[in-house]
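**Student:** Chains as they are written, first to last, in the working numbering: chain X, 2 to 319; chain S, 2 to 319.
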DNA sequence: TTAGATGGTGGAACGCGTTTCAGAGCAAGA
DNA sequence: TCTTGCTCTGAAACGCGTTCCACCATCTAA
């Protein structure tokens, strides 16, 4: 494979001139430009991006850390990220962690080793202060409320407030035993939601109903199975993912329970499935969030921390 | 940031020795090895992977082309790919194409520009012969039947035969008007399925029912809406994705149709949702396919073309 | 006429780890 | 004693594009 020096020799110019032609630098005479282009065409010259990366000190690659891609939440987030990547002529390395710390560490090391220019962390187990230390090697952005943090950018929605709003809404509609379903118990978003729930329970005492480890449609059945074991059952559920909400709704129907009469359901995300199944949900602009995350990692954002608005979409499950 | 030469100077050795220490080469005296390690620790030395890539001529990065990540089929495929990537100390660049040729071209160019060492193409619009020409720049693997092709590896299932089997199964069960739902009309897999359907129709003439552009759960409703417009309706559907099958099943229930009495459904993939909703389905080892694709792209496969077995899982929708 | 752009060009250094090769020291086998 | 053959070490070349800097030629404004 020909390199820039070969081209220079064949075209009878210096490597600098070839480089200039490649990068559309103005100070090249038409004559030489043409000569270089002709040679490049003849030998089918292709720049070696690795060499460009080494020389420029950046890879034009962003790392994206997600626990799993299968989930529609992260799928949509990646969708937004991918869109911005295309627009900015970047590509991204996907790191699926399954919430294993080693995988997250790998991503941080890639940043340290200059394999990637920046890192978008969509969800993580390694503690934020540890992550912060890697900010010196490249920009890091997280999709959770990291406001107050100076070195890490963040794009997020207010999960505390949205939970509070949702709980108040259900209360107002007359539900007395409200529970919630969430994915993993730990993590920033879960923390804020739990905080809101605790606060709600403090204000309006009732039995606590929390169902964890719910990610997919089929987990809806699991939740209903757990509920059927309870003597005192919830009459409303806040479900932090529409697909799980859809699964719960389906399980309810299979068990001949009436929704919302016997069980009210509020989903989150406003995924297409929520519309199709007429599920009341909190719309979270996930794809936009992905896009904003990308803007941040490129340093194109004005504020370090950005909160996105979410709003309730009232449909038939409350 | 310190580089290998700085380390060498500080430790009083040559760069070669430092390189040897980094790469665990045996021919280094304990004394020097220790000296080098001490210095590396002191200055927090980190190898520059870009430099390694340039030097070795490979990036340890694989490109993965998918039309969209949101879909559980590709989600699972990526899951398998990610698993093998971890095991082989590789990472991958995800290229979401939305079936745009420019995106696919970008992926091919990355290979040409040595940004990636190989390419896994899960679905594509650019024709295979065009893709083939890029094989000279790195290994390319596709997840469709490319047998007979010398330069491109492939991992696939026999969609023709599975469709034939499914159609025969429905016929045997007494269904008379069998149709099918598919994602996009074009593409290799769709082609083989169409071929099988045509052949079936030739053997057992009936009205043709084909529903295209069905990818997600919510598209199930769309299919049922289309069917409700027909005067002559199908009594059985082959649905090339379990999530769509689940959506159709849900739409059927909402319309108070009995499944399988009024409408039989066979899904594909055997996703968890199929189990939960008791959907008869063809199990396709998607994650395994992802893993095999990765093996192939690393050149670790014995045969260029690999067919994976699939089998029918009989449940309640037929 | 002169100082100061502006256009055009190339040599050489730079980014940084790997690898080849030559050479030295030393021990085991012939 | 001589030849192999291993262990250990480092200089230098290599992979390849970018960029700094020096330099020449024109041309313009003072």
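All residues carry an ideal CB built from backbone N, CA and C; glycine is no exception.
Quick one, which of X:119, X:241, X:124 has its alpha-carbon nearest residue 135 of chain X's?
**Tutor:** Residue X:119 is the option with its Cα nearest to residue 135 of chain X.
**Student:** Quick test of the definition: if touching needs 3 or more C-beta pairs under 8 Å, does the stretch 137 to 152 of chain X touch the stretch 165 to 176 of chain X?
**Tutor:** In short, these stretches do not touch, since the Cβ pair count stays below three.
**Student:** Just tell me which of S:139, S:177, S:74 has its CA closest to the CA of residue 208 of chain S.
**Tutor:** Looking at the Cα atoms, S:177 is the closest of the given residues.
**Student:** Take residue 306 of chain S as the anchor and find which of S:264, S:187, S:151 has the nearest alpha-carbon.
**Tutor:** When only C-alpha atoms are compared, the closest one is S:151.
**Student:** Does DSSP put residue 179 of chain S in a helix, in a strand, or in coil?
**Tutor:** Here residue 179 of chain S sits in strand by DSSP.
**Student:** For the stretch 124 to 142 of chain X, which residues have a beta carbon sitting closer than 7 Å to at least one beta carbon of chain S?
**Tutor:** Here the close residues number zero.
**Student:** Could one say the Cβ of residue 239 of chain X lies closer than 9 Å to chain S's Cβ atoms, at least one of them?
**Tutor:** Closer than 9 Å: no.
**Student:** Measure from the C-beta of residue 43 of chain X to each C-beta in chain S and report whether the shortest distance is under 9 Å.
**Tutor:** With 9 Å as the cut-off, residue 43 of chain X does not count as an interface residue toward chain S.
**Student:** Please say whether residue 239 of chain X and residue 81 of chain X have beta carbons closer to each other than 9 Å?
**Tutor:** Their beta carbons are not under 9 Å apart, which means residue 81 of chain X does not touch residue 239 of chain X by this criterion.
**Student:** Ends of the alpha helix (DSSP H) at residue 50 of chain X?
**Tutor:** Note, residue 50 of chain X: alpha helix (DSSP H), 50 to 57.
**Student:** Nearest to residue 61 of chain S by CA position, among S:46, S:84, S:90, is which residue?
**Tutor:** Closest option to residue 61 of chain S, Cα to Cα, is S:90.
**Student:** For residue 237 of chain S, which residues from the same chain have a beta carbon less than 6 Å from its beta carbon, with the 5 sequence-adjacent residues on both sides left out?
**Tutor:** Correct list, in chain order: 171, 176, 179, 265.
**Student:** Considering just the uninterrupted stretch of the beta strand (DSSP E) at residue 284 of chain S, what are its terminal residues?
**Tutor:** From DSSP, the beta strand (DSSP E) with residue 284 of chain S extends over 282 to 284.
**Student:** Which runs of the alpha helix (DSSP H) at least 4 residues long sit entirely within the stretch 213 to 285 of chain S? Give them in chain order.
**Tutor:** 220 to 230, 243 to 255, 273 to 277, all fully within the stretch 213 to 285 of chain S.
**Student:** Which residue comes first and which comes last in the alpha helix (DSSP H) that contains residue 22 of chain S?
**Tutor:** It spans 16 to 23 - the alpha helix (DSSP H) in which residue 22 of chain S sits, taken as one unbroken run.
**Student:** Is there a C-beta anywhere in chain X that falls below 9 Å from the one on residue 163 of chain S?
**Tutor:** No, its Cβ sits nowhere closer than 9 Å to a Cβ of chain X.
**Student:** Any chance you could list the alpha helix (DSSP H) runs of at least 4 consecutive residues sitting entirely within the stretch 102 to 127 of chain X, in chain order?
**Tutor:** With a minimum length of 4 residues, the continuous alpha helix (DSSP H) runs that stay inside the stretch 102 to 127 of chain X are 102 to 113.
**Student:** With a threshold of 7 Å on Cβ separation, who are the neighbours of residue 252 of chain X within its own chain once the five nearest residues in sequence on each side are excluded?
**Tutor:** Cβ neighbours of residue 252 of chain X beyond the five flanking positions: 221, 222, 225.
**Student:** In chain X, which residues lie with their C-beta within 8 Å of the C-beta of residue 249 of chain S?
**Tutor:** Here the premise fails: no neighbours, minimum Cβ distance about 11 Å.
**Student:** Bridge partners of residue 154 of chain X, per DSSP?
**Tutor:** Paired residues: X:142.
**Student:** Please name the residue or residues paired with residue 67 of chain S in a DSSP beta bridge.
**Tutor:** Answer is S:97.
**Student:** If contacts are defined as beta-carbon pairs under 8 Å, then residue 163 of chain S and residue 5 of chain S qualify, I think. What distance do you get, rounded to the angstrom?
**Tutor:** Rounded, the Cβ-Cβ distance is 54 Å, inconsistent with contact.
**Student:** Kindly indicate which three-state DSSP category residue 309 of chain S falls into: helix, strand or coil?
**Tutor:** Of the three classes helix, strand and coil, the one that applies to residue 309 of chain S here is coil, per DSSP.
**Student:** Going by C-alpha distance, which of S:45, S:24, S:263, S:281 is nearest residue 270 of chain S?
**Tutor:** Cα-wise, what sits closest to residue 270 of chain S is S:281.
**Student:** Taking residue 48 of chain S as the reference, which of S:2, S:93, S:283, S:92 has the closest Cα?
**Tutor:** Ranking S:2, S:93, S:283, S:92 by Cα distance to residue 48 of chain S puts S:2 first.
**Student:** Under 7 Å between beta-carbons, which chain S residues line up against residue 113 of chain X? List them in chain order, please.
**Tutor:** What residue 113 of chain X touches in chain S: 47.
**Student:** Taking Cβ positions only, does residue 258 of chain S come closer than 9 Å to chain X?
**Tutor:** Not one chain X Cβ lies under 9 Å of residue 258 of chain S.
**Student:** Rounded to a whole number of angstroms, what is the C-alpha to C-alpha distance between residue 290 of chain X and residue 57 of chain X?
**Tutor:** Approximately 29 Å between the Cα atoms of the pair.
**Student:** Any idea if residue 186 of chain S is buried or exposed, counting beta-carbon neighbours within 10 angstroms, 16 or more meaning buried?
**Tutor:** Counting Cβ neighbours within 10 Å, residue 186 of chain S comes out exposed, since fewer than 16 surround it.
**Student:** Use the C-beta contact count for residue 297 of chain X: other C-beta atoms within 10 angstroms, 16 or more gives buried, fewer gives exposed.
**Tutor:** Classification for residue 297 of chain X: buried.
**Student:** Starting from the C-beta of residue 160 of chain S, find all residues in its chain whose C-beta is less than 7 Å away, skip the five residues before and the five after it, and write them out in chain order.
**Tutor:** Hits under 7 Å: 190, 193, 194.
**Student:** Determine whether the Cβ of residue 97 of chain S lies closer than 9 Å to any Cβ atom of chain X.
**Tutor:** With 9 Å as the cut-off, residue 97 of chain S counts as an interface residue toward chain X.
**Student:** Specify the secondary structure class of residue 29 of chain X as computed by DSSP and reduced to three states.
**Tutor:** Correct three-state label for residue 29 of chain X: coil.
**Student:** Name the one or two DSSP bridge partners that residue 314 of chain X has.
**Tutor:** Answer by DSSP bridge pairing, in chain order: X:282.
**Student:** How close, in whole Å, do the beta carbons of residue 73 of chain X and residue 219 of chain S come, if the pair is a contact with beta carbons under 8 Å?
**Tutor:** The pair is not a contact, with the Cβ atoms about 11 Å apart (cut-off 8 Å).
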